[in-house]
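> Here the sequence shown is numbered in the working numbering, starting from 2 and rising by one per residue.
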Amino acid sequence: MPTEGRVFFDGLDVVNARGETLSKIRKGLQIIFQDPFASLNPRKHIIDAVGEALIVNRVAPKREIKDRVAELLKRVGLNGDTLFKYPHELSGGQRQRICIARALAVNPKLIVADEPLSALDVSIQAQIINLLEDLQKGSELSYIFISHNLQVIQHVSDISAVMYLGKIVEQSPTALLFQEPLHPYTEALLSAVPNPDVDRKSKRIILEGDVPSPVHIPSGCPFHPRCHRRFEPCNKVVPILKEAKPERWVSCHLHI
């Protein structure tokens with residue numbers, strides 16, 4: 002249970018939802034996990050792993066499951082031979098496509114993609130990114146894409162939020178965030194991104210110390226012990242997330 006705040010999806014209270022309300026939320030909200038192998042039952046054929054979502058959510062009768070799953074697999078670039086294979090018989094990229102097909106099975110409005118590329122080779126990562134973008138075209142599907150790879154975020158996201166110790170410290174249209182970061186933590190993150198232009202020199206910002214424990218968060222601004230731009234109020238006063246510029250939100254005393 003959350004310690005504070007409330008979560009709403011499509012006007013429905015996610016935390017306190019029960020019965021039919023919870024079923025409605027589950028249909029509209031799906032997830033793609035970080036490790037495709039760990040998120041698939043090793044004892045189930047692919048047809049059962051994907052078809053279970055159709056049966057549980059009453060999307061299709063059992064007699065139509067095979068055709069519906071085959072259609073979903075085709076949509077994510079896999080053929081019918083995959084239906085009766087086990088997860089260990091597939092590559093990492095194929096398994097992640099299966100997880101995407103399973104998420105799409107109930108026609109969700111929103112998919113939370115939790116580090117969906119981190120367990121994959123770079124060449125496969127590009128295929129999965131292109132697949133996610135293609136699936137979104139012509140539909141009302143949205144993604145919450147969670148990643149440590151800033152280059153991927155820059156490519157796939159319209160709006161980006163940067164988090165530190167579990168709190169959003171900056172939120173902005175992606176193009177503006179990469180062009181002009183407002184929070185010192187965002188500045189440091191972007192300075193660490195490799196620059197392929199050898200003629201363009203960029204100064205790397207090295208942060209001091211280690212990330213504090215989320216159990217013992219520092220006083221004032223949680224980032225102040227490592228911040229290269231800290232000043233007097235930072236160690237005493239917690240900055241609030243406020244709109245520093247149009248459509249740009251930041252939690253930093255530099256922009257109060």
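Ideal Cβ positions, reconstructed from N, Cα and C, are used throughout, including at glycine.
Suppose you measure from the CA of residue 124 to the CA of residue 152; what does that come to, to the nearest Å?
Rounded to whole angstroms, residue 124 to residue 152 spans 15 Å at the Cα level.
> I'd like to check one pair, residue 129 with residue 262: are the Cβ atoms closer than 8 Å?
It is not possible to answer for residue 262, since the shown part of the chain is limited to 2 through 257.
> Taking the Cβ atom as the reference point for each residue, do residue 35 and residue 119 lie within a distance shorter than 8 Å?
Yes, they are a contact pair.
> Tell me the rounded alpha-carbon separation between residue 148 and residue 115.
Cα to Cα, residue 148 sits roughly 7 Å from residue 115.
> Taking DSSP's pairing of strands, which residues face residue 54 in a bridge?
Per DSSP, none; premise fails for residue 54.
> Would you check if the stretch 97 to 109 and the stretch 47 to 67 touch, i.e. whether three or more CB-CB distances between them fall below 8 Å?
The stretch 47 to 67, when compared against the stretch 97 to 109, does touch it at the 8 Å Cβ threshold.
> Could you tell me the boundaries of the alpha helix (DSSP H) in which residue 128 lies?
Segment 123 to 137, the alpha helix (DSSP H) holding residue 128.
> Output the residue ranges of the alpha helix (DSSP H) runs that lie fully inside the stretch 161 to 203 and measure 4 residues or longer, sorted by chain position.
List check, alpha helix (DSSP H) in window: 175 to 180, 185 to 192.
> Starting from residue 7, trace the beta strand (DSSP E) both ways and give me its first and last residue.
It is not in any beta strand (DSSP E) - residue 7 carries neither H nor E in the DSSP assignment.
> Based on DSSP bridge pairs, tell me the residues matched to residue 1.
Residue 1 cannot be examined here, being either before or after the span of the chain that is shown, 2 to 257.
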